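Notes follow the structure.
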Amino acid sequence: MVTSETIDELRRRTSVSSLEAMQALSASQGDLERAIDYLGKPHSGSKSLHVGGMELAKRTADELVATGMWFECERLNREQWQFTVAPASYARLVALHSALLGSQEA
Numbered sequence: 097m098v099t100s101e102t103i104d105e106l107r108r109r110t111s112v113s114s115l116e117a118m119q120a121l122s123a124s125q126g127d128l129e130r131a132i133d134y135l136g137k138p139h140s141g142s143k144s145l146h147v148g149g150m151e152l153a154k155r156t157a158d159e160l161v162a163t164g165m166w167f168e169c170e171r172l173n174r175e176q177w178q179f180t181v182a183p184a185s186y187a188r189l190v191a192l193h194s195a196l197l198g199s200q201e202a
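Sequential numbering of the sequence shown, starting at 97, is according to the working numbering.
Put into structure tokens, the structure is as follows:
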């Protein structure tokens, strides 16, 4: 089972992001040592989407929080944000982003 304590411990021991720790622990059924091994091997990793404009980035973050999807957001520069999700959630992120772009144009 993946708990916040195991996520924190894995992050402390490996210096990975919360999302990467959660993915590794999920792949290893919560086993900390297997998660460390998982992080040391090549795998699909996380997927990112760049979003331009503060308003769109805020709306994207709000929608992701509302859906309960795990994500990380990093500000790249004044008008560019990077949203990172697990590979299984990427298609959902892209669909949500497209819907927000469509509603912005309307």
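Where is the CB? At the ideal position from N, CA and C, for every residue including glycine. Fair warning: this is a prediction, and the values are worked out from it, not measured in the lab.
Beta-bridge partners of residue i, as assigned by DSSP
i	result
residue 179	145 and 169
Range of the contiguous alpha helix (DSSP H) that encloses residue i
i	result
residue 158	150–163
residue 118	114–123
residue 198	186–201
residue 111	First-last for residue 111: undefined, no H or E at that position.
residue 133	128–136
Assumed close pair residue i, residue j - CB separation to whole angstroms, cut-off 8 Å
i	j	result
residue 135	residue 112	6 Å
residue 147	residue 193	7 Å
Cβ pair residue i, residue j closer than 7 Å
i	j	result
residue 142	residue 180	yes
residue 196	residue 171	no
residue 122	residue 178	no
- Query: Counting pairs of beta carbons, one from the stretch 150–157 and one from the stretch 184–201, are three or more of them closer than 8 Å?
  - Reply: yes
- Is there contact between the stretch 98–108 and the stretch 125–134, where contact requires at least three CB pairs shorter than 8 Å? yes
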